[in-house]
Every structure is written in C-alpha cells, then in structure tokens.
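**Student:**
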Amino acid sequence: MDQNEVIIRVGGAAGDGVQSAGLIIGKVFSRNGLHVQTYNYYQSIIRGGQSWYQIRASHNRVKSQGDGLDILIALNKDAIERHTNPKINEGGASPLDGIAVYDTALGDFTKYEKIKYCGLPLGEIAQKYSRNTLLKNTVAIGAVFGYLSLDFETLAGVIRDQFGGKGEIAELNVKAAKEGYDTFVTKYGKSSKALNPEEKRFYLISGGETAGMGAVRAGLKAYFGYPMTPASSIIHYLAAHSRKFDVFVKITEDEISAINMAIGANYAGIRAMTGSSGGGFALMTEAVGMAAEMEIPLVVYEAQRAGPSTGLPTKTEQGDLLQIIGASQGDFPKAVFSPRNVEEVYYMAGEALNLAEKYQMPVFLMVDLYLAEHYETVEKFDFTPDIVRPPFAKGDEKDYRRYAYTETGVSMRALPGTPNLMHNEDSDEHDEKGDVVSDAVTDPEIRRKIMEKRMKKLETYIKELPPTPSYLMEDAEYAVVQWGSTQGAVEEAVDILRSKGLKVGVIEVNRPFPVNQDIRDLVRGKKKVIFVENNYTGQLRRLISSEIGVTGDIITKYDGESFYPGALATQIEEKIRK
Amino acid sequence: MDQNEVIIRVGGAAGDGVQSAGLIIGKVFSRNGLHVQTYNYYQSIIRGGQSWYQIRASHNRVKSQGDGLDILIALNKDAIERHTNPKINEGGASPLDGIAVYDTALGDFTKYEKIKYCGLPLGEIAQKYSRNTLLKNTVAIGAVFGYLSLDFETLAGVIRDQFGGKGEIAELNVKAAKEGYDTFVTKYGKSSKALNPEEKRFYLISGGETAGMGAVRAGLKAYFGYPMTPASSIIHYLAAHSRKFDVFVKITEDEISAINMAIGANYAGIRAMTGSSGGGFALMTEAVGMAAEMEIPLVVYEAQRAGPSTGLPTKTEQGDLLQIIGASQGDFPKAVFSPRNVEEVYYMAGEALNLAEKYQMPVFLMVDLYLAEHYETVEKFDFTPDIVRPPFAKGDEKDYRRYAYTETGVSMRALPGTPNLMHNEDSDEHDEKGDVVSDAVTDPEIRRKIMEKRMKKLETYIKELPPTPSYLMEDAEYAVVQWGSTQGAVEEAVDILRSKGLKVGVIEVNRPFPVNQDIRDLVRGKKKVIFVENNYTGQLRRLISSEIGVTGDIITKYDGESFYPGALATQIEEKIRK
Amino acid sequence: MVTMNDFKGSVKADWCPGCGNYAQLTAIPMALAQLGIKPENTVIVSGIGCSSNMPEYVKAYGFHGIHGRSLPVASAIKWSNPELTVIAYGGDGDGYNEGTQHFYHSARRNPDITYIVSDNQIFGLTTGQASPTSMLGMKTKTTPDGNIEPPINPLSMALSAGATFVAREFSGDVKHMVETIRRAISHKGFAIVDVFSPCVTYNKDNTFDFFRKRVYHLEDEKHDTSDQMAAFKKAAEWGDRIPIGIFYENNDPTYESRDEVLQTPLIKQPVKKLEESDLEEFL
Amino acid sequence: MVTMNDFKGSVKADWCPGCGNYAQLTAIPMALAQLGIKPENTVIVSGIGCSSNMPEYVKAYGFHGIHGRSLPVASAIKWSNPELTVIAYGGDGDGYNEGTQHFYHSARRNPDITYIVSDNQIFGLTTGQASPTSMLGMKTKTTPDGNIEPPINPLSMALSAGATFVAREFSGDVKHMVETIRRAISHKGFAIVDVFSPCVTYNKDNTFDFFRKRVYHLEDEKHDTSDQMAAFKKAAEWGDRIPIGIFYENNDPTYESRDEVLQTPLIKQPVKKLEESDLEEFL
Ligand SMILES: Cc1ncc(C[n+]2csc(CCOP(=O)(O)OP(=O)(O)O)c2C)c(N)n1
Ligand SMILES: Cc1ncc(C[n+]2csc(CCOP(=O)(O)OP(=O)(O)O)c2C)c(N)n1
Ligand code: SF4
Ligand code: SF4
Ligand SMILES: [Mg+2]
Ligand SMILES: [Mg+2]
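Below, the structure is given as structure tokens:
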C-alpha cells in the first residue's frame, strides 16, 4: 500500500449527504496541495437507495479513482455490509481493506477479516451540537482526518466555507468535527500514512464546471439548454454565475428549442452554446444539419450517460459517438472533441468555440458522466482570453456573396444589422449568394459545387489537425487506443504493465472526428493494437476503422461504471499474451 | 438506337400537368405489356419552375430511366430550350435526340441539329373540346402514340380511367387525344420504332405504394406519420385505402408523436409503422432507443432525400444511412433494409414487420426519393399473407419474466390485457422482470447481463441473414458494390461493361445492417472493389469498412439526381483502368 | 371484486418521504378499484421524472417511456385496444415542457384516456430546476436570481384546446382526488387532472401548507362545469383562494368514435388479405 | 426615408398565382416602411412551408430555417441583438403543429418579436394535407373521408398562454392587415397575427370568397382589447361572422426586460476576462 496515498469512500443513501461529505474531504486534501480524484456512484433517486463517493488523494499525481480502499465512512448499515464484503464489487470498485468508520448505533452487521472496525458514537456526538442528523457526517469526517493526522485547521476552513462562513451552524460543525477528530485518535490511534500538507494548493473542480469556464474564457455569451443528467452541471454552473460572467442562460421548453436558439444567437453574431445528454441530443439532431447547411457556427456540449434510452441516468458510458457522427441526414462537415480530463475540457471548450466560428460548422464537445461530474485537482488555468474571431463583412464589400466559393471553403459572414449586405440564409440548398436552388430550377451543377464548397472546409481543417496525443508511445510495442475520460485509468493501467516490463503505450484520441490520419503512423509496426472503450460495440474502433481502416482488439466495459486501472491492466495483459 | 425501346420526356412547369401526362403515357405502355420505368424531376414549388417526367418503355426488362431521349413533349418554351440543348444535362439526363412535340403557339426558340421539330396547334385543337388548358397535354399524348402507332384504344382506356370513367370530361379528352393522334400521323408520319402490344399487362406502381401494400399484406393495422416528401406517398396511399384495408392512419402533431404512437400501438399488440424523411426522422431518433431498450417491435420507413437539412426536398440521395446507424444514444440491436427496387420494397416491408416482431427491435425500411416516387412495372405480387407472429404469453405461465435471459436473446411478450402477467416495461435499465435497476441500487452485473441479452438478439439474427444478393458475380474480376435504389442503373452499367468484355459483377446490399460477413467472401480475390453511392462520403463504404473491414474505390453522385447507366459505366471503366 | 390491494406492486415506491406523489399512488388504485377495473386491463403510461416512476409501483401494465411522450403512447394503446383503461401520469416538466405539443393536441383530439399530472411546479428528478408552472420569483438551480418566466396555466391551456374534462386536485386531499379521478376515468374522452403534488425536497414555496391554506372545492361554490367561460375564469383564480375539483366537462365525441376504422378494435381485426383487384388501380 | 421598395428582393415570389401569401408580401414591407425600420435592421425568420419561403423574397436579413422552429431562432436573435426588428413568419402547420410548443412557450415568455402566421388551414408545400386548423369534415390527401379532428383556435391558444398581443387578419384586406402588423411590430412583446391566407390550390373550402363574406372588423364593434375574457369570447366566434383585427393587448414586461444579463445587448458586451478569483470557489 502506497503510504503517500489514501483512498476514502463515503457510503450511504441518497439524501444522507454522501456527496457533500465527499467533497469536504476532497477539498481538505486539495487545499493541502495533494492531488485528488473523486468518483461519484449514485442512483436516479432523490432519497434512499445506495450511493457512495470515493476520494483518492496522493502526493503524486493521480489520474483515476484508483484501486483499493483504505477508509470507509459508512453512513448506514447497507454501506458497511456492502463495501466491506470482498465479494461485492460495484462495477470494479475494490472492497475495503483498511478501517471502517461508522456510528456504533448502526447495530449488528457482518464483519470480515482484515478490516479494522472503528465504531464511534457519531450520532451521539453530533446531537450534542445540533439535532440536524447530517451533523454526524461531519463527526465522521473529523474522525478520518484525526486518523490521518492531517492538520485540523484546513478541515475547519473547508467546513466553514461549506456551511456559509462563520455563522453558528458552521461553528457547530467545526466543533463536532473536532470532537470526531479527537475521539477517533483517542480511541483508535493514528494511521501510518504519510500525508502531509504541501506548500501549494489545488483547485478541485469538475468537467461540467471547466466546460463552462472554458467557454466563458472564449467569449461565450449565451447558453441554451434543458436540464438532463449529466449535462446539467454546466447549466448549474453558468446559471449561478450568469451575472458575474455576463452570460445569458436560458432554460427552454425542450432541447429542440434550445439548439434552435443557440443557432439563432450564433447567427446574430454572439457566441452561444447548447448541450444535453444523449436522449436530449437526439432531439437536437435535426437542427445540427441546419447549422451545417446554413453554415452557422454551433457548439454542442454532449455529456454521455449509459444508454440505450433512459438507461442508467446516473451512470457513465461512452455510447454516443456514433449518434454524433450520424446526427442529421446528409453529409456535412463537423468536428468532434473528446477531452480526456477536467483540465482539457477547459481548453477544448474554447477551442470548440473558435473552431465552430472559424469553419462555420457544428463542433461537438463530448464528455461523459464521469468527466462531467467527478472532481479532479487542477493547479492553475491559463486565463488569457482565447478568442479567435474571423472577420465579418462590414457593408462596403462589392459583390458580397454569403457562400462564396473559396480556397478554404470558408466564406465571410455578414451579420444582421450590417448595411447593404442583406441576404437570405437557408436550410434549403442554395447558391453562392444564398438564393435557393430547389424552388424554380434545381441546378444539379450548382448543387454539386456548393456541396464541395462545404466539404472543403473539412479538408482544410484536417490539414490543421494537431497531432494525436499519446503516452509512452515512443518505444511501445503494444498500442492501446483510448478516447475521452478513460485516459487516467488507461494510463495508470499502462504504468502497471510497464512496471512488469511490458512496453505498452497509449494513443489518446481527443479529437475523434475527423479521424486523424496520424493514427495510422502511430499503430504502424505495433505487435498489437487494443482499443479500450466504455461502451458495448467499440464505437471509436468502428469509427476509426470506417474512416482510416485501422482496427485492433477491443476491451469494453458497459456496466455503467468507469474503468479501474488494476482490472484494466489485467485485461490488457491478457490481450497481449493471447 | 434500340427499336424495341423508347424514351419519352414530358417537360413543363409545376402545375402544367407534367406528372399526370407522364403517368398516362406510362400506363399505356404497361397495359400493353411493355416494361416501364419512370423518372420524376421536379422542384419544391407548387406552380411554375421547371419539371419533367421521363418514361422509358421497352419489350425487354428495363431497370432504370435509361440514357437517350427519343421523344420530347414540351409544355412550355423553357422545356423545349432546355431539353433540346445538347449542353444542358440535368444531372445526367440526355438531351433530345429525336422528335420534339410542342404547341406551335410557343413561338420562336433556338433549334438544334438532328432534332425533328414537330409542332402542332395543340392549344387550338384542345380548345375545340374544352377551355381547360390542360387538355392540350392530352392532345400531345395522342400525337406521341400516333407517332409510335400504338393502339389508340389502350390510350383511350387510360384516359377514361384518369378522368373518372365515361363522363363528359373523359370523352372530351379521348376525342382530343384522337385528334392529336391523327393530326400527328397526317403531318409527320410514323416512327420506325417496333413497339407492339404484348399478350400480358403490367402494373405500374411506385415504391411508396408497394411499401404500403407490402405492409398491409404483413398485417399492418396502423400507420402514424407526419407528411414529408418523399415519405408522403406511403401515407397518401394508406390514407386513401384506410377503410378498404382496415388500416388506421393517423397524422400527428409532429414526428415525435408519430413514432411514440407507433411504439404504443406495437406495445398494445398490433402491427404499426411510422415513417418520415431524414429531417423528420431525426426527431424520431430518441424514441428509437426507447423501443430498443423496452424491446418493443418497431418498423420505421425512412425515405431519403438530398440533405443536409431541408436540402433539396424533391431530389434523391442516399445520405441517411449513417443517421440511421447512429440513431439514438447507446448500443442496441437493430436492422436496416434497403430494398433495391419497387417490387423488393413490397416484400421487404413485410419482412421488416416480421423481423421487428420476432426480435422485438427497431427495423428500418430505407428507400430514397427515387424509389419512393418513381414508377416501375411489376408483373404480379405474391398475395399469400406473410405474417410470422411469435407467440405471446397467455397468462398461465409460471414465473413469467418479460425480459427473461434466453438462448436467442428473445423473451416472450405479454400484452396488456393478459391476466396475471402485469409488469412494467421501462426505458430505464431493468432486470429480467422489468424492474428498474437504476433507482435504488444499480447492479452493474445485472446491467451487464441485460445488455448482453439484448445484443444477443443481433447475434442470433446475424446467423439467419440471407446471403447478400449479387449480379454476375460468378465470374467477375471486378466487383461493384451498390445498395438500395441504384441497383437498376448499376446493373445496366455493368451490362454495358460486360458487352465491352470487362468482367464486372455487382454485390447488391439490400440489408446494410447488420453487415453481412459474406461480403468478405464476395470481394475476395477481386482485382478491384468499387462502391457506387448516391451520396458524398460513401456512407455504405464507411459502414462496411467499419463493421467488417472491407473497403474499395468509390464513385459518388450528390447532385440530387440518380445515376444514369451510360455515364456510370464510363466512370466504372475509368476506375478499373486506373 | 377488485380491491385496491390488487394494484399493489412488488416494488416499494422510493420517492422522498412526504412526497406528494404518494397521494396519487393511493388515489389512482382506489379509483380504479371503485370502478371495478382490473389490473390486467389497466395500463399506466408515463414519461420521465420522479412522478413518472409511478408505473413501477402499481401492479398493472406499466409503460415507463421517455420524457414528455406519455400521451402519444397512451393514445395509441387505447386506439389499438379500446378495452384497456389507459392512464397517463407524469410531471409538470414532462407534460407542460417537453410534452407541450402532445398535451395540446391530445386535448383537441379527445382520445378516451386519462391524464394525471403531478404538478409540483419544479423538476424533481433532475434535482430542482424551474418548471413551466414554477411561480414568478422562485429560486431554483436554473433561476438562482428568481424565475422571470410567467407560469403557464395548464387548465386554461387545456380549455383553450377544447379539452372535454378539465380538473385539478391536491395531494393533501386524497378523498376529493379519488372522486375526481374516478370521474376522469369514467369520462368518455380526454380527461386532464392537474394535481398540486408538493415536492418536499426542492419546492419550498408550494408546500402542503401553502395549498392547505388556499384550496377550496369548486362544487361548494355552485360552479357550472358546463360553462367554458366560467371555467376559464375559475382557472385564472390564483392567490389566497385556489379552486380544486372539476372545472369543465362536456360530451363531445371521442376521436375514436369519429374514425371509421376504429369502430372495430384494431387488435381484433383480422388481417386484410390482399387480392389481385387491389392492384387494379395500378393498371 | 425608408420605402416599401427598399424591401424588394431580387428573387421573384413563386407562390401560385392568387395565393394568399402575396398579401403579406405587400403588407409586411409596407408596415416596416411606415415604421421607418431599415431592411438592414430587419430579420425575417421562417420555417418550412410555402409561406415560409417569405424571407427569400424580401430584401432584409432572412433566416429560412427548418419546419416549425422559427420562434426559438427569432427569440434568440432578438435577445442577442435587440436593435434588430425580428419577424417570424410561417404556416399553420409550421406554427401550430410542428412548432406548437415553441408557440405556446413564446407566448408566455413574451420576447419582443412579431409572429405572423399564414393560416391557410392546410399544408400547402407538401401538396395538401390536413393542418391543425383544417375544419371538421374537410377532405384532403390525409383525410380523404373528411377531417375528424376539431381544429385548434390559435387565438384562444395564445390568450391562454398569456400572449400580450393577439390579432387576426385576412389576406383579402391588405389595408387592415398593414395597420395591424404595424401595431404588432410596434408592440413591446410577443405579438401574434394569425392571417387567413387562402391556399387557392389545395383548400377549396376556405377561399377568399369564404372569408370575404364573413370577416368583419373588431374595432367596428367596440371590442375592448384590454379585456381578456372578451377576447376569448371573440376568438371563439366562427360561422357567418368572423372577426378580424386586434383581439387583445396588454403591456406586460417583455422577457428581456426581466433578465438582468440582457440589460446590455449581448452583442455589445465585452468578453468577460477570467481571473484567479473566479477559481476561488473550487478551493
Ligand atoms: C429528452 C430528455 N430531456 C431531459 C431529460 C431529463 N429529465 C428527466 S426528468 C426531467 C424533469 C422532471 O420534472 P417533472 O416532469 O416535473 O417531474 P418530477 O420529477 O417533478 O415529478 C428532466 C428534465 C430526459 N430524461 N429526457
Ligand atoms: C421535420 C419536418 N417534417 C416535415 C416536413 C415536411 N413539410 C414541409 S412544409 C410542411 C407543412 C406545410 O404546411 P404549412 O406550415 O401550413 O405551410 P404552407 O405550405 O401551408 O404555407 C411539411 C409537413 C419538413 N420539412 N420537416
Ligand atoms: S424530489 Fe420532490 S418530487 Fe421527487 S421524490 Fe422527492 S419530494 Fe417527490
Ligand atoms: S399551394 Fe397554396 S399556399 Fe402554396 S403557393 Fe400555392 S396557393 Fe399558396
Ligand atoms: Mg415536476
Ligand atoms: Mg398552411
């Protein structure tokens, strides 16, 4: 067990405060300069059921929720039975192999070997301070930090922030935590973990939030959406900061309205986005084609969850790639981004807005539930505004043609309000001027040319594609191909394999469409190519095979949970040895 | 020029009666036992513009609208200028190389060599009988049949049917036609064409209509839709025959309602369908996933037109394949059919209904504007009811589980109204009984199993896939791969190449998904594989490469028109010689 | 005899303790039992939302579809098999946002189904965003500075569409609700019952208390349920006194009664055998 | 000075001769010109349908989008750049079928845009199918035995949603229409003008003649446009006498006037520069 690292899990029911307890714990670490990753396991239920929140903290960079479990805070009996039982593995999560903190009032439950059961009268302690039943969580958190002997003051600070400053409630919580801290140490002593404050501090932030921030940095002025898990975190973030960031946030009657509004706003000349999860995005697909045909910039934030249909609304999956590739009838240029981590979401949100406007085409910023909702530590962000806006026609252009044929396929836009350049933008096929060619006379020749003009934008963009990122590929004999949020688990799995002497590297596809030809070079000569995907059919593999003919073995996971590095390493090794 | 064949084109403006004139001409041939194919070139406009209708008739089987143009009926000046000008080629259609029939009142127009201009006082003649300006079309039709010296009585019969029996209007038309017939012969003589009545008669019918009939044969009881070209022809056909066939036809507020109704009706136990074109189908995609997750049979008729977006609403394209493959988030079983001709639409409509019910999954019946709207001769249909309904649970089953794990992946349905078997069908992920697993406790293990159960249906179906049809593949050195409505033009192009000694065959993909592995065998050892597609990016090629790694050269056409055999033969030959 | 117990499902409802939906989970089976309708002939159709979980908890045929689409599904089930009693159930977001168009057109179309909306004036399942019936000024996750969009009035909406049965109930008055739901189910045609069904977790404004203080029974004030204009006026009442009960009712023919093909239940119709003569027109 | 001619587009309208839409092609530019609104500051947004081809024929900024979606597009354009005059135009199928939900929610939301519906009670462009305003009994391609679905009343619908300006006009009365459209455009908020605009090709029932015999001007009968109940009553009038003109008008605040961020036009707002302090909350 790594003494520089700890994995803590808070287990309970919805409504038990699992998530806020988890976040407090995470923040204590991040404020102390430790790297943190969290994992949120919850159900589509408001109260009850079974949920848990895992925090992995380390002095070294951590990239996933990790394997193993050092400390469990069990908020109910189900949680203690479940997370200590070596036979139960929630989609790959490790059972406890350390201490269990729980309220002695829980009563009897099955006990397992090797686990240190550290019952405390959590409720009793809590009641000394307040009758709010959630206070016992604070006591338990205090206990955990006592065990880890981590500076109480940081914890006190986080608690105060969480409970609204220096008021009475905050102080009660601080006191309760302190009693939990002290009582634990008195009763059970301290851990041998060597987790100490560092000189720096990290921010603990989720992908939904960095998507919002990154977009604001790139000049986002309006977001239109209809709530849907896990695409709501960006809405909540932007709505809460609407006035601060001067971003107009509009919740619409449905997703169809949302995307049409986003297109209208972009048409008018501001930067606007929309977003949803798979089911809501399905409703948006018709308008995606409209944006493409009318050459109006559009960024869609698509946060995947486990399908098909309503599926597992609070579970993660990478199952929407082909939906996005196939969105809307006909052929048209588009780009798909799949940022690999919370930080990359920030930068790619801006890149998406710039790209959409540069090429006047739809750009998809794909994340998944895991990436949109889990928290990661980030050290700093680049705040320099990242806004590249192509010029607009001003009104003195001679012979202005909205869809002029050009070298790049890109034609200059004239915004409504510009003198002299009045024209029509049309979802019907049109000529260079924007006049419809499907009414009186369809000229097949013009149709052919305007199709080619639009598709040329994609050809132009392909030439500018940044290289596909990779990890340890220089000397790799085996290539693992991943996309999006699985980066962390895959890299950690590869680290494990490297430590066993297997030369494995990772090709990290963060811009899945158009498919970068350089993937061909990256796989060349490899003994084996193995795709790792959080879906059933291997959608990235299908796409890459479709576009550039590269294929390989596949490891999939479709139980609603994300990959765990240890288990994944074993699977990759099996494929290699096969 | 083939003396057993004639190609006639009627050109005019929308509202000029181009289409009905064309249909009369076609029927005269089909009633005389000649093979006919028609081509309808029109715009998204109710009156005016430029449209034309082409009829190809032959004693031999014809498979496409063909190359060349023997007879033009020009209903306005634009038509005569356009169709006689050797430089104008409407997406591949040949200019006139024969006689032009027109109203001498048209006045002056450019004349070209080699064309025989046969002006007649069409309007003048017509006015003798009625003031209805459309009557002059009838005169022109008469003239054409005079020229071809084809039996006037058949023409009279068709006219009577078209104009509602033996009434006054019908008789006026017959008389006007007769005068056109005689006047032409007197003035210009007869053609050398050897077109004579045969002993048989054909039906002249479109794909939209055979889709409706085929579905009725397979027990269709309800159709839910929202009009959209070219998916309206099936609606119009079924609505007109609703009482005769006892099919409930419901036009809904939008496509979303239509597909949800179709799913509801199938759930209740009847056979119901929905349909649309690409844009309307985009709106349906969310519910496709619901049907898949809830395992409710569903057939969607998808009639493609040229996109993206509104695009060319009255033009053909095969641009929706990837939209269908990607429809709705997540992975689930489905099947896609792409019948190759009007007759096959009839049989595949029934097959789709049977398959959807057998596997309780969405099945897509894809056509395109060309197939949905153009007319072909068909000799006869098999009327034996084609209904394979799997058994439903009756109510005395013990331990009934709606989604029981089985060998095939298929579980027995219990329809509402069945005693004792009350259960819940859910778009949320569920267990064998149908109980939701995403509320209280998500069991990743159950999720994994139920995903596998559903996907197993596809594995089972794949084993039953009929072989991919082909044409002249036995000794072929080159393989052309086509799908859907391009069959005719492709086969004729191949005939041309064969006549030049090139051993070309055709792989005809009429069930594009799941991709049949036998395509691998079919292409094995071929010198070249060439995909022919009526779209920009080669969507079938992308799909086949994605699923089974087979790829090849590509010939595309994306100007809104379908392929013409002559031009296509040249293109294929170029690819071969390259 | 059918009893409420016959409708008791095997899955325990997992709404928050105190949630308004529990009242309907009592009232709907009670009304069905009173009418002697068997579970096997009952279909409950829903969309997505806390409320939409209803079919999971009732022993009957359940169709828990996608967000906003219960009405088209419910209508088609009824048209396919008119012997079934079809009840659509869902939330205000489900019915008045995502499903707006289906609600409006179902109301004018008049299929013989019952639509019960759990109107908690909030999105519950997605953890508390403004819904189309949220009051002006209400603070939610999507309206942190207070809702600025005037709420719609589902009753006026239904009335304007020509709905033939328009009612409102309150989860705090189950007895009254049972009576209205019973009449809604008995009504031949589209019956909408909008139910104030407090979300105790996310809506701190429109609580049980809020309504208890305000609601009164329409029938106590001699309201004429056949007078559409009176119904419009009553529907507009909002403030210290809020009416519940049946606002409007008429006997306009159902959609299915006007359609020739539906005169025989589709599910009972034999398959049409095609004949040579069916091709005649293509000759 | 702006004249009607400034709005004359280079593409000739290709509606059928006699189509009702020509009247609006005259009336809209006339109203705009009278108000001194420049073509460059005008955006005409439409969906798909014969009527929706309008933006192709007017010299202004034109947004000819997809079927049913003109209102969300129009609203967002207005919110992004309030200096533009935004007019949404389309058919009854476009607005009251495919776009039902947007119509309803726009009416309650009250963005400052004008919505003119060419209500020909039929689907024109798709060659004659029943629309949501087709009369009972009407024979069309989709209702060969006669329409059995009671038509909706767009005016009652808008009123029930809380629309702040509700009017109806007739293509056979251009002068009157210009006046109403002028007032609709001037109205601060969502203004709906439903126009009887006969489809001479596919609707043989609701012809110019049909309406000429029936329509009368509301203002001639001392109708009180501030009385919502009176408006409901007038909207329900259908038969030998059919009213046109302004049914209802009020001064409720627009959506944009209630939203803090929109107080400065979005298009003029500088980009927000992020700072270290914006990350504070994640510490
Ligand atoms: C197409 C689609 N959009 C959004 C969602 C997310 N979603 C689920 S429930 C819901 C709203 C719930 O509110 P309501 O219908 O009022 O039900 P309640 O939970 O309040 O009972 C939303 C937006 C979804 N499932 N599908
Ligand atoms: C999503 C979608 N569904 C259907 C259509 C086909 N469509 C085009 S116009 C139209 C209806 C036209 O009726 P209306 O809006 O009343 O306009 P009109 O032609 O009568 O002016 C339909 C159904 C479409 N273009 N897009
Ligand atoms: S969140 Fe609200 S609506 Fe949902 S179960 Fe809880 S109380 Fe009921
Ligand atoms: S079909 Fe009707 S609505 Fe369309 S242009 Fe012709 S008259 Fe006008
Ligand atoms: Mg609600
Ligand atoms: Mg219309």
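Protein chains in written order, with the working numbering: chain C, 1 to 578; chain F, 579 to 1156; chain D, 1157 to 1439; chain R, 1440 to 1722. Every residue gets a Cβ at the ideal spot worked out from N, C-alpha and C, and that includes glycine.
Rounded to a whole number of angstroms, what is the C-alpha to C-alpha distance between C:T104 and C:L120?
**Tutor:** Computed Cα separation, rounded: 5 Å.
**Student:** Any beta carbon from chain C within less than 8 Å of R:E1495's own beta carbon?
**Tutor:** Chain C, which has a Cβ nearer than 8 Å to the Cβ of R:E1495, makes this yes.
**Student:** Label F:I666 either buried or exposed according to how many other C-beta atoms from any shown protein chain fall within 10 Å of its C-beta, with 16 as the threshold for buried.
**Tutor:** Burial call: exposed.
**Student:** R:G1530: beta carbon under 7 Å from a heavy atom of ligand 6?
**Tutor:** For ligand 6, at least one heavy atom lies less than 7 Å from the Cβ of R:G1530.
**Student:** Terminal residues of the continuous beta strand (DSSP E) containing F:Q882?
**Tutor:** Taken as a continuous stretch (DSSP letters only), the beta strand (DSSP E) holding F:Q882 covers 876-882.
**Student:** Quick one: which chain F residues come within Cβ less than 7 Å of R:I1552?
**Tutor:** Per Cβ cutoff of 7 Å: no residues; R:I1552 is ~22 Å from chain F at best.
**Student:** Evaluate C:S192 with the Cβ neighbour count: other Cβ atoms within 10 Å of its Cβ, from every protein chain shown; 16 or more gives buried, anything less gives exposed.
**Tutor:** Label assigned to C:S192: exposed.
**Student:** Please state the DSSP three-state secondary structure of F:L798.
**Tutor:** Strand.
**Student:** Are the C-beta atoms of C:M261 and some chain F residue less than 8 Å apart?
**Tutor:** By this cut-off, C:M261 is not an interface position.
**Student:** F:S672: which of F:D656, F:L700, F:Q632 sits nearest, CA to CA?
**Tutor:** Here the closest residue by C-alpha is F:Q632.
**Student:** Less than 8 Å between CB atoms is the rule here; does R:Q1560 satisfy it with respect to chain F?
**Tutor:** No, R:Q1560 does not count as interfacial toward chain F.
**Student:** Compare the beta carbon distance of C:R271 and C:L355 with 8 Å and say whether it is the shorter of the two.
**Tutor:** No, the pair does not count as a contact, with Cβ atoms beyond the cut-off.
**Student:** Could you tell me the distance, in whole angstroms, from the CA atom of F:G897 to the CA atom of C:D246?
**Tutor:** Going from the Cα of F:G897 to the Cα of C:D246 covers about 41 Å.
**Student:** Got a sec, what are the start and stop residues for the beta strand (DSSP E) C:M273 sits in?
**Tutor:** Looking at the DSSP string, the run of the beta strand (DSSP E) that includes C:M273 is 271-276.
**Student:** Using a cut-off of 8 Å between C-beta atoms, extract the partners of F:F959 located in chain D.
**Tutor:** Per Cβ cutoff of 8 Å: L1430, L1435.
**Student:** Use the C-beta contact count for F:P997: other C-beta atoms within 10 angstroms, 16 or more gives buried, fewer gives exposed.
**Tutor:** With fewer than 16 other Cβ atoms within 10 Å, it is exposed.
**Student:** Determine, for R:F1629, whether the minimum Cβ-Cβ distance to residues of chain C falls below 8 Å.
**Tutor:** Not closer than 8 Å to any Cβ of chain C, the Cβ of R:F1629 fails to qualify, so no.
**Student:** Pull the bridge partners of F:G589 from the DSSP assignment, please.
**Tutor:** In the DSSP output, where bridge partners are listed per residue, F:G589 has F:W630, F:A652.
**Student:** Any beta carbon from chain F within less than 8 Å of C:N535's own beta carbon?
**Tutor:** Answer yes: the Cβ-Cβ gap between C:N535 and chain F drops below 8 Å somewhere.
**Student:** Can you confirm whether C:E293, when its beta carbon is compared against all beta carbons of chain F, has any partner nearer than 8 Å?
**Tutor:** Chain F contact via Cβ: present.
**Student:** Indicate whether at least one CB of chain C lies closer than 8 Å to the CB of D:G1280.
**Tutor:** Closer than 8 Å to some Cβ of chain C, the Cβ of D:G1280 qualifies, so yes.
**Student:** Can you tell me the Cβ-Cβ gap for F:R795 and F:G928, rounded? I've got them flagged as a contact below 8 Å.
**Tutor:** Correct: roughly 6 Å between the Cβ atoms.
**Student:** Any chance the CB of F:Y804 is under 7 Å from a heavy atom of ligand 2?
**Tutor:** For ligand 2, at least one heavy atom lies less than 7 Å from the Cβ of F:Y804.
**Student:** Put R:F1686 into one of helix, strand or coil per three-state DSSP.
**Tutor:** Strand.
**Student:** Pull up the distance between the alpha-carbon of F:R587 and that of F:T716, whole angstroms please.
**Tutor:** Those two C-alpha atoms are separated by around 14 Å.
**Student:** Can you find at least 3 beta carbon pairs, one from the region 1214-1227 of chain D and one from the region 1002-1015 of chain F, that sit closer than 8 Å?
**Tutor:** The region 1214-1227 of chain D is in contact with the region 1002-1015 of chain F.
**Student:** Put F:D946 into one of helix, strand or coil per three-state DSSP.
**Tutor:** Residue state, collapsed to three classes: strand.
**Student:** Can you list, in chain order, the residues of the region 327-345 of chain C whose Cβ is nearer than 9 Å to any Cβ on chain F?
**Tutor:** For the region 327-345 of chain C, which is checked against every Cβ of chain F, the residues closer than 9 Å are A327, S328, Q329, G330, D331, F332.
**Student:** Fully enclosed by the region 1373-1434 of chain D, which alpha helix (DSSP H) runs are 4 residues long or longer?
**Tutor:** Those alpha helix (DSSP H) runs which fall completely within the region 1373-1434 of chain D and span 4+ residues are 1384-1392, 1411-1414.
**Student:** Starting from the beta carbon of F:K765, find every residue of chain D whose beta carbon is closer than 8 Å, and list them in chain order.
**Tutor:** Result: empty, since nearest Cβ-Cβ is about 32 Å, beyond 8 Å.
**Student:** I need the residues with a C-beta less than 5 Å from some heavy atom of ligand 4; please give them in chain order.
**Tutor:** This criterion selects F:I624, R:W1454, R:C1455, R:C1458, R:C1489, R:G1563, R:C1638, R:V1639, R:T1640.
**Student:** Ignore the nearest five residues each way along the sequence and tell me which others in R:P1523's own chain have a CB closer than 6 Å to its CB.
**Tutor:** A quick correction: the sequence has Leu, not Pro, at residue 1523 of chain R. Answer for R:L1523: N1480, V1482, listed in chain order.
**Student:** Can you grab the Cα-Cα spacing for the pair D:Q1419 / D:S1231, in whole Å?
**Tutor:** Approximately 15 Å, taken between the alpha carbons.
**Student:** Mark D:H1373 as exposed unless 16 or more other C-beta atoms lie within 10 angstroms of its C-beta, in which case mark it buried.
**Tutor:** It counts as exposed.
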